[in-house]
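Visitor: Under this note's numbering, the first residue of the sequence shown is numbered 1, with each subsequent residue one higher. C-beta: ideal position from N, C-alpha, C; glycine also.
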Amino acid sequence: MNNLRFAFRRLRNSPGFTLVAVLTLALGIGANTAIFSVVNGVLLRPLPYPDPERLVTLKSNQSSLELADIAAQNKSFESIGGVGVQAADYAGGVEPIQLEVGLVAGDFFRVLGTRAALGRTLTAEDDRFGGPHDVVLSHEIWQRQFAGDPGVLSRNITLAGQSYTVIGVLPAEFRSPRGTLDAFASVHVFYPLAAKARGAHLLRVYAKLRSGLTIAAAQTEMRVIDQRLALANPDENKDRQSTLLSLHERMVGDIRPALLVLFGAVGLVLLIACANFANLLLARTATRRQELTVRAALGAGRGSLIGQVLIESILLALLGGAAGLLLGSWGVDALLALRPEDLSQVENVHLDGWVLAFTFLLALVTGVVFGVLPAWEATRVEINNVLSSSSRSVTATRSTFRSFLVIAELALALVLLIGAGLLGKTFWRLTSVAPGFNVDHILTMRVELPEARYRAVEPQTRFREQVLENLNALPGVQAAMISEMPLGGNAINHNFIIEGRPPLTPGEEPELFNRSIAGDYFKVLGIPLLQGRALTRDDRAGVPAVGVINEAMARKYFPSASPLGARIRWARDEGVDWITIVGVVGNVRHFSLAAAEEPTIYTSYAQSGQEWKRWSEIVVKTAGTPAPAFIAQCKAMVWKVDPLIPVTNIRPMSEVMAVSLAEQRFNTLLLAIFAAVALLLAGVGLYGALAFLVTQRTREIGIRVALGAQARDVMRLVLRQGMTLSLAGIVAGVCVALIATRVLAGLLYGVSPTDPLAFAALAILLLLVALAACVVPARRAIKVDPIVALRTE
Numbered sequence: 001m002n003n004l005r006f007a008f009r010r011l012r013n014s015p016g017f018t019l020v021a022v023l024t025l026a027l028g029i030g031a032n033t034a035i036f037s038v039v040n041g042v043l044l045r046p047l048p049y050p051d052p053e054r055l056v057t058l059k060s061n062q063s064s065l066e067l068a069d070i071a072a073q074n075k076s077f078e079s080i081g082g083v084g085v086q087a088a089d090y091a092g093g094v095e096p097i098q099l100e101v102g103l104v105a106g107d108f109f110r111v112l113g114t115r116a117a118l119g120r121t122l123t124a125e126d127d128r129f130g131g132p133h134d135v136v137l138s139h140e141i142w143q144r145q146f147a148g149d150p151g152v153l154s155r156n157i158t159l160a161g162q163s164y165t166v167i168g169v170l171p172a173e174f175r176s177p178r179g180t181l182d183a184f185a186s187v188h189v190f191y192p193l194a195a196k197a198r199g200a201h202l203l204r205v206y207a208k209l210r211s212g213l214t215i216a217a218a219q220t221e222m223r224v225i226d227q228r229l230a231l232a233n234p235d236e237n238k239d240r241q242s243t244l245l246s247l248h249e250r251m252v253g254d255i256r257p258a259l260l261v262l263f264g265a266v267g268l269v270l271l272i273a274c275a276n277f278a279n280l281l282l283a284r285t286a287t288r289r290q291e292l293t294v295r296a297a298l299g300a301g302r303g304s305l306i307g308q309v310l311i312e313s314i315l316l317a318l319l320g321g322a323a324g325l326l327l328g329s330w331g332v333d334a335l336l337a338l339r340p341e342d343l344s345q346v347e348n349v350h351l352d353g354w355v356l357a358f359t360f361l362l363a364l365v366t367g368v369v370f371g372v373l374p375a376w377e378a379t380r381v382e383i384n385n386v387l388s389s390s391s392r393s394v395t396a397t398r399s400t401f402r403s404f405l406v407i408a409e410l411a412l413a414l415v416l417l418i419g420a421g422l423l424g425k426t427f428w429r430l431t432s433v434a435p436g437f438n439v440d441h442i443l444t445m446r447v448e449l450p451e452a453r454y455r456a457v458e459p460q461t462r463f464r465e466q467v468l469e470n471l472n473a474l475p476g477v478q479a480a481m482i483s484e485m486p487l488g489g490n491a492i493n494h495n496f497i498i499e500g501r502p503p504l505t506p507g508e509e510p511e512l513f514n515r516s517i518a519g520d521y522f523k524v525l526g527i528p529l530l531q532g533r534a535l536t537r538d539d540r541a542g543v544p545a546v547g548v549i550n551e552a553m554a555r556k557y558f559p560s561a562s563p564l565g566a567r568i569r570w571a572r573d574e575g576v577d578w579i580t581i582v583g584v585v586g587n588v589r590h591f592s593l594a595a596a597e598e599p600t601i602y603t604s605y606a607q608s609g610q611e612w613k614r615w616s617e618i619v620v621k622t623a624g625t626p627a628p629a630f631i632a633q634c635k636a637m638v639w640k641v642d643p644l645i646p647v648t649n650i651r652p653m654s655e656v657m658a659v660s661l662a663e664q665r666f667n668t669l670l671l672a673i674f675a676a677v678a679l680l681l682a683g684v685g686l687y688g689a690l691a692f693l694v695t696q697r698t699r700e701i702g703i704r705v706a707l708g709a710q711a712r713d714v715m716r717l718v719l720r721q722g723m724t725l726s727l728a729g730i731v732a733g734v735c736v737a738l739i740a741t742r743v744l745a746g747l748l749y750g751v752s753p754t755d756p757l758a759f760a761a762l763a764i765l766l767l768l769v770a771l772a773a774c775v776v777p778a779r780r781a782i783k784v785d786p787i788v789a790l791r792t793e
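Structure below.
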């Protein structure tokens with residue numbers, strides 16, 4: 001207790017040292033606390049379902065018929081079910097809204113162990129053709145649309161033009177593994193057309209393993225089931241290979257690499273802060289050597305002296321941890337504000353008991369580990385030597401250890417700088433990628449046509465044509481079209497056949513993506529027409545089907561001849577006849593800016609023969625930036641055709657582009673912040689080490705000046721030592737970075753993990769910062785008065 005009181009008193013009497021040490025640790029511990037909160041909430045926390053370790057999912061989506069086959073043939077699963085996602089209009093409020101409806105198949109809720117807060121959930125018995133039109137509401141929708149009224153049970157509501165009876169409300173804590181869903185209905189009742197088609201892979205399948213069974217054992221059985229399905233349905237299931245994943249892996253697998261990279265980055269920041277802390281302690285204990293020697297001479301044991309220094313170190317670390325916890329709390333709020341929209345389990349990210357324990361343990365370990373060596377060095381004294389010599393002398397061992405700490409700080413800072421530079425270059429390259437279409441003055445909005453009123457292609461075509469006619473008549477509209485938007489992720493792929501070419505084995509035909517359009521698609525988005533003509537309003541039902549292909553398809557399948565006039569059709573005819581190619585357009589980055597465009601054919605909605613294609617993006621090219629009043633007019637033009645259709649996802653194309661880069665922006669920004677903090681700490685650490693060196697060598701410098709050394713000689717002496725440490729740190733950092741940056745390979749685009757330009761530029765940047773950190777101590781050294789320096793001894 002006496003040592004603790006003494007440590008408090010010493011820290012109170014040295015506010016400058018205490019503040020610098022606490023802030024140094026607060027930066028490192030705070031950054032780690034913030035990132036650990038995300039890692040803990042997203043990666044480490046168990047999923048919010050009973051027995052989460054037994055929950056698995058199939059990697060690829062399945063059709064309702066395939067799910068039924070798996071459920072009937074497997075012996076590995078205690079329960080199995082699936083859910084698809086379908087938008088539906090709901091007109092119970094002031095204006096129609098769109099709900100995301102989960103299309104439930106099998107025992108979905110039983111798999112997740114979910115019970116209703118009110119009423120009941122859907123079961124496998126409800127999932128059948130001709131079954132009851134029942135719906136289960138999410139807790140949020142129940143509160144928002146029905147004011148939390150318990151009387152909502154048994155009430156009839158209209159979804160997608162059909163009447164459904166509310167049979168249950170889910171608990172507030174329920175989280176669907178498919179993201180936020182507003183309501184749940186049977187797939188056989190809500191979407192019977194898809195439920196009948198073996199090729200309609202809209203369900204993500206979830207299952208619960210029998211107790212004691214491993215994923216590997218269940219995977220072995222799935223291979224046998226795959227073989228059976230391939231034999232029974234060679235057209236749809238040839239070469240079928242189902243992969244089982246743990247549900248946790250499915251939900252967090254995509255974000256894990258980036259989070260672990262960020263966690264590793266803040267670990268390096270902490271190490272730099274700890275090295276700075278250790279250097280501060282070494283400098284402080286060096287000034288106490290004579291005091292500690294006197295204590296030793298008076299009979300204090302070495303253990304007692306080490307304990308006294310160590311208590312001070314731990315106390316500083318705990319103060320730094322407390323300040324770091326405050327910084328970490330702010331950091332968590334900032335992370336949640338900056339996070340990509342698709343970050344899963346974000347509701348679990350907060351400061352909880354595990355985060356508090358992590359912060360406390362981190363501070364305690366930091367205080368002990370990085371305090372014990374300075375304490376050991378400070379108490380390793382020879383009483384006679386110290387009492388009889390200068391209190392400012394310093395051993396080579398201590399100097400070497402401090403130099404090692406500075407080199408380590410600089411090396412780790414360079415690793416972080418290079419990592420941030422590589423991600424920054426990746427982000428710059430992505431923003432420089434030509435998407436293949438214009439984004440200026442483009443407004444997008446989404447509509448979903450309900451099956452009840454738009455079951456056939458003809459009413460869908462009338463709706464689209466009337467909406468486009470209304471929009472094109474609006475002042476300020478240059479052109480309008482309807483399609484599946486670039487960077488929207490919606491596209492249908494088909495195996496196809498080229499007329500006149502040798503037949504292929506069923507299932508081995510080449511693939512292309514089909515995008516349906518209405519209106520001036522290529523004109524609105526500024527996609528160049530390279531050959532032939534674009535689609536027009538005359539390309540409608542009742543006339544020969546035509547299509548426009550992209551440049552990627554032309555090069556791949558028609559490398560030496562013009563594709564114009566060639567005909568293709570789907571390998572498994574889905575009611576679409578031969579399609580004549582009438583034009584070629586430029587490539588468009590449809591899925592992401594980092595993904596090269598796949599072979600694609602654009603066809604008219606009116607000629608698609610695919611009545612299930614009821615989703616659409618309305619795209620309007622405007623003369624200027626769309627104002628709120630203009631957006632309201634656009635919605636009114638849609639409601640003029642059908643007042644019950646929700647108009648959602650209204651945003652400019654520039655925002656769509658920004659969202660597509662959100663994850664890269666998030667990763668780059670965070671790593672850049674960590675690198676800047678590391679650079680600051682390393683620069684301060686080098687400055688502190690050299691400043692202490694100048695203080696310790698004041699007598700030596702005074703003697704040199706007295707013997708005729710010039711100011712430039714003294715400055716060269718200090719700069720030489722500082723730059724020697726800096727160059728050693730840079731060389732070490734480059735060597736470590738050559739290995740460490742390979743973990744970034746999956747996050748880079750068009751940039752090598754060992755990009756020489758990034759390595760060279762950031763090494764030079766660190767060298768310049770190090771030079772700046774050396775200048776101030778060097779200037780102080782040349783101001784040493786030799787007479788004063790010699791008298792201080």
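1) DSSP has Asn279 in a bridge; who is on the other side?
2) Could you pull out every residue in the same chain whose Cβ sits closer than 8 Å to the Cβ of Ser60, ignoring the five residues on either side in sequence?
3) Tell me whether Lys208 sits in a helix, a strand or coil according to DSSP, three-state version.
4) If distances are taken between C-alpha atoms only, which option among Gly367, Met251, Val751 comes closest to Leu47?
5) Just confirm the distance between the C-beta atoms of Val546 and Val582, as a whole number of angstroms; I'd bet it's less than 8 Å.
6) Who are Ile579's beta bridge partners in DSSP?
7) For a test of the three-state rule: what should DSSP assign to Ile673, helix, strand or coil?
8) According to the Cβ coordinates, are Ile157 and Arg120 closer than 8 Å?
9) If you follow the alpha helix (DSSP H) that Lys556 is in, where does it begin and where does it stop?
10) Quick one: residues in its chain with C-beta nearer than 6 Å to the C-beta of Asn493, no 5 flanking neighbours on either side, listed in chain order?
11) From which residue to which residue does the beta strand (DSSP E) around Asn649 run?
12) Skipping 5 residues on each side, what residues in its chain have a beta carbon closer than 7 Å to that of Gly131?
13) Please report how far the alpha carbon of Pro503 lies from the alpha carbon of Asn495, in whole angstroms.
14) Just verifying my parser: in three-state terms, what is the DSSP assignment at Arg464?
15) Are Gly722 and Ala770 closer than 8 Å when you measure CB to CB?
16) Using the three-state DSSP reduction, which class does Ala21 fall into: helix, strand or coil?
17) Let me know the secondary structure DSSP gives Tyr605 once reduced to three states.
18) Please classify Pro15 as buried or exposed, where buried requires at least 16 neighbouring CB atoms within 10 angstroms.
19) Counting beta carbon pairs with one atom in the segment 255-275 and one in the segment 14-33, are three or more of them shorter than 8 Å?
20) Only counting the same chain, and skipping five residues up and downstream in sequence, which positions put a Cβ closer than 6 Å to that of Thr426?
21) Between Phe277 and Thr24, how many whole angstroms is the CB-CB distance? I'm expecting something under 8 Å.
22) Hey, quick one: how far does the beta strand (DSSP E) through Met481 stretch, first residue to last?
23) Are Glu551 and Leu530 closer than 8 Å when you measure CB to CB?
24) Between Gly733 and Thr622, what straight-line distance do the alpha-carbon atoms span, to the nearest angstrom?
25) Going straight from the alpha carbon of Tyr521 to that of Phe463, what length do you get?
26) Does Ser176 come out as helix, strand or coil in the three-state DSSP assignment?
27) Looking only at DSSP bridge pairs, what is Asn493 linked to?
28) My output table needs one value for Arg9: the three-state DSSP class, helix, strand or coil.
29) Please state whether DSSP places Thr807 in a helix, a strand or coil.
30) Tell me whether the beta-carbon of Phe77 lies closer than 8 Å to the beta-carbon of Ala207.
31) Is it buried or exposed, Trp570, if we count other Cβ atoms within 10 angstroms and call 16 or more buried?
32) Assuming Met637 contacts Leu471 under a Cβ cut-off of 8 Å, what Cβ separation, rounded to an integer in Å, is found between them?
33) Give the DSSP bridge partners of Trp615, in chain order.
34) Does the beta-carbon distance from Ser163 to His139 come in below 8 Å?
35) Quick check on DSSP: helix, strand or coil for Leu137?
36) I need the boundaries of the alpha helix (DSSP H) containing Ala194, first residue and last residue.
Guide: Looking at the atomic coordinates:
1) Working through the sequence shown from its first residue, we reach residue 279 at position 279. Asn279 pairs with nothing; no bridge assigned.
2) Taking the first residue of the sequence shown as 1, we reach residue 60 at position 60. His201, Ser242, Thr243, listed in sequence order.
3) Here residue 208 corresponds to residue number 208 of the sequence shown, with the count starting at 1. Lys208: strand per DSSP, three-state reduction.
4) Within the sequence shown, numbered from 1, the residue matching residue 47 stands at position 47. Comparing Cα positions, the closest option is Met251.
5) Along the sequence shown, read from residue 1 onward, the residue named residue 546 stands at position 546. Along the sequence shown, read from residue 1 onward, the residue named residue 582 stands at position 582. Confirmed, Cβ separation roughly 5 Å.
6) Sequence index remark: in the sequence shown, residue 579 carries index 579 (1-based). Answer by DSSP bridge pairing, in chain order: Ile568.
7) Position 673 of the sequence shown holds residue 673. If DSSP states are grouped into helix, strand and coil, Ile673 belongs with the helices.
8) Walking along the sequence shown from the start, residue 157 turns up at place 157. Walking along the sequence shown from the start, residue 120 turns up at place 120. Contact flag unset, no.
9) Position 556 of the sequence shown holds residue 556. Lys556 -> alpha helix (DSSP H) spans 551-557.
10) Locating residue 493 in the sequence shown gives position 493, where the first residue counts as 1. Result list for Asn493: Glu511, Phe513, in chain order.
11) Here residue 649 refers to the residue found at position 649 when the sequence shown is read from its first residue. Segment 648-652, the beta strand (DSSP E) holding Asn649.
12) To locate residue 131, count along the sequence shown from 1; it is residue 131. These residues qualify, in order along the chain: Ser186, His188, Val189.
13) Residue numbering aside, residue 503 sits at position 503 when the sequence shown is read from its first letter. Residue numbering aside, residue 495 sits at position 495 when the sequence shown is read from its first letter. Taking the straight line joining both Cα atoms gives about 13 Å.
14) As a first step, residue 464 must be located in the sequence shown, where it is residue number 464. Helix at Arg464.
15) Residue mapping note: residue 722 aligns to position 722 of the sequence shown, counting from 1. Residue mapping note: residue 770 aligns to position 770 of the sequence shown, counting from 1. Yes, the pair counts as a contact, with Cβ atoms nearer than the cut-off.
16) Mapped onto the sequence shown, residue 21 falls at position 21. Ala21: helix per DSSP, three-state reduction.
17) Mapped onto the sequence shown, residue 605 falls at position 605. Looking at Tyr605 - three-state DSSP - the assignment turns out to be helix.
18) Taking the sequence shown and counting its residues from 1, the one referred to as residue 15 is at position 15. Per the 10 Å Cβ criterion, exposed.
19) yes
20) Here residue 426 refers to the residue found at position 426 when the sequence shown is read from its first residue. Excluding sequence neighbours, Thr426 sits near Leu748, Tyr749, Val751.
21) Start at 1 with the first residue of the sequence shown, and residue 277 comes out as number 277. Start at 1 with the first residue of the sequence shown, and residue 24 comes out as number 24. Yes, Phe277 and Thr24 are in contact; Cβ-Cβ is about 6 Å, under 8 Å.
22) Position 481 of the sequence shown, counting from 1, holds the residue named residue 481. From DSSP, the beta strand (DSSP E) with Met481 extends over 477-483.
23) Here residue 551 corresponds to residue number 551 of the sequence shown, with the count starting at 1. Here residue 530 corresponds to residue number 530 of the sequence shown, with the count starting at 1. Their beta carbons are under 8 Å apart, which means Glu551 touches Leu530 by this criterion.
24) Locating residue 733 in the sequence shown gives position 733, where the first residue counts as 1. Locating residue 622 in the sequence shown gives position 622, where the first residue counts as 1. Their Cα atoms are separated by approximately 51 Å.
25) In the sequence shown, residue 521 corresponds to position 521, counting from 1. In the sequence shown, residue 463 corresponds to position 463, counting from 1. C-alpha separation (whole angstroms): 17 Å.
26) For the purposes of this step, residue 176 is identified with residue 176 of the sequence shown, where counting begins at 1. Ser176 falls in the coil class under three-state DSSP.
27) As a working mapping, residue 493 is identified with position 493 in the sequence shown. Paired residues: Phe513.
28) Your numbering for residue 9 matches position 9 in the sequence shown. Three-state result, Arg9: helix.
29) Because the chain here runs from 1 to 793, residue 807 falls outside it and cannot be looked at.
30) As a working mapping, residue 77 is identified with position 77 in the sequence shown. As a working mapping, residue 207 is identified with position 207 in the sequence shown. Yes. Within cutoff.
31) The count along the sequence shown starts at 1 and reaches residue 570 at position 570. With 16 or more other Cβ atoms within 10 Å, it is buried.
32) Position 637 of the sequence shown, counted from the first residue, corresponds to residue 637. Position 471 of the sequence shown, counted from the first residue, corresponds to residue 471. Rounded, the Cβ-Cβ distance is 5 Å, consistent with contact.
33) As a first step, residue 615 is located in the sequence shown; it is residue number 615 there, counting from the start. Note: Trp615 sits in a beta bridge opposite Glu448.
34) Residue 163 sits at position 163 when you count from the first residue of the sequence shown. Residue 139 sits at position 139 when you count from the first residue of the sequence shown. It is not a contact, given that the beta carbons lie outside the stated cut-off.
35) Residue 137 sits at position 137 when you count from the first residue of the sequence shown. Three-state result, Leu137: strand.
36) What you label residue 194 is simply residue 194 of the sequence shown in a count that begins at 1. Where Ala194 is concerned, the enclosing alpha helix (DSSP H) stretches over 192-196.
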